[in-house]
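In my numbering, the protein residues as written are 2 to 193.
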Amino acid sequence: LLIMVLVLDSVLVQIPMAALVAVMIMVSIGTFSWESIKNLKEHPLSTNIVMLVTVIVVVATHNLAFGVLAGVLLAALFFANKIGHYMMVDSSLDEKTDTRTYTVVGQVFFSSSEKLIQAFDFKEAVDNVVIDLSRAHFWDITAVGALDKAVIKFRREGADVEVIGMNEASATIVDRFGVHDKPDSVDQLMGH
């Protein structure tokens with residue numbers, strides 16, 4: 002096909018458009034997976050939704066690029082939602098030093114940032130709080146904002162907060178966008 006388009010273009014121009022349309026229709030019928038319609042019940046719901054939305058957008062707009070874009074965006078949102086569920090926070094209390102250690106495990110981003118904040122007990126009366134991020138990764142500024150809110154809330158309750166174990170990529174985004182370790186961080190976070 003590439004040789005025909007590049008070398009034999011003068012011959013291809015003589016083929017009637019109706020014949021090319023017929024060839025295109027036969028190619029699309031031959032390449033479509035008809036089994037996918039039968040197997041809709043066996044596939045995950047998110048996969049079915051992505052497939053159906055892609056087809057509907059292509060048919061409605063007559064533009065394959067729009068359909069692919071809609072499918073990719075939906076698949077990304079479903080993936081983010083699925084990965085967001087794999088974030089967890091474990092905590093332990095060292096009574097001798099009155100230190101509560103929170104260990105964050107998983108991917109922290111817009112989908113899991115609220116879950117991160119809800120995992121902390123801000124009303125617990127402890128002198129020290131350690132947030133261990135050695136098994137976590139921060140992806141976006143929403144995650145950084147959640148960390149900022151947690152640290153500042155703990156400080157408001159009178160606890161000394163230490164954030165440890167951040168990997169290099171997470172440290173870069175937290176250093177760039179985080180305010181919890183900067184002067185007047187409460188005012189910045191609250192918009193004053």
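We put the beta carbon where it would ideally sit given N, CA and C, even for glycine.
- For Thr-55, the enclosing alpha helix (DSSP H) stretches over residues 46-62.
- In the displayed model, Thr-100 falls within a strand according to three-state DSSP.
- As a beta-bridge residue in DSSP terms, Gln-108 pairs with His-138.
- Between Thr-102 and Ser-93, the CB-CB gap stays under 8 Å.
- A straight line joining the alpha-carbon of Asp-161 with that of Lys-42 spans about 53 Å.
- Judged by DSSP in its simplified three-state form, Leu-41 adopts coil rather than helix or strand.
- About 5 Å separates the CB atoms of Ile-118 and Ala-147; that is less than 8 Å, so the two are in contact.
- Sixteen is the threshold: since fewer than 16 other Cβ atoms of the shown chains lie within 10 Å of the Cβ of Trp-35, the residue is exposed.
- For Met-89, the uninterrupted beta strand (DSSP E) segment begins and ends at 89-95.
- Restricting attention to Thr-48, His-86, Met-89, the CA atom closest to the CA of Ala-71 is found in Thr-48.
- Apart from sequence neighbours up to five positions away, the residues of its chain that approach Met-89 with a beta-carbon distance below 7 Å are Val-106, Gly-107, ordered along the chain.
- Spanning the alpha carbons of Met-5 and Leu-74 requires a straight line of approximately 35 Å.
- Spatial neighbours of Thr-98 in its own chain (CB-CB distance under 7 Å, excluding positions within 5 residues in sequence) are listed in chain order as Asn-129.
- Shown here for Ile-84: same chain residues with a beta carbon closer than 6 Å to its own, the five before and five after excluded, namely Gln-108 in chain order.
- For the set Ser-11, Asn-82, Val-60, Ser-135, the Cα lying nearest the Cα of Asp-91 is the one of Ser-135.
- Cβ-Cβ separation between Val-175 and Val-145: approximately 5 Å, consistent with a contact (criterion under 8 Å).
- Secondary structure at Ile-16: coil, using DSSP grouped into helix, strand and coil.
- The beta carbon of Thr-104 lies closer than 6 Å to those of Asp-91, Asp-133 in the same chain, with the five residues before and after it left out.
- Between the alpha carbons of Leu-46 and Phe-67 lies a gap of roughly 22 Å.
- DSSP links Ile-118 through a beta bridge to no other residue.
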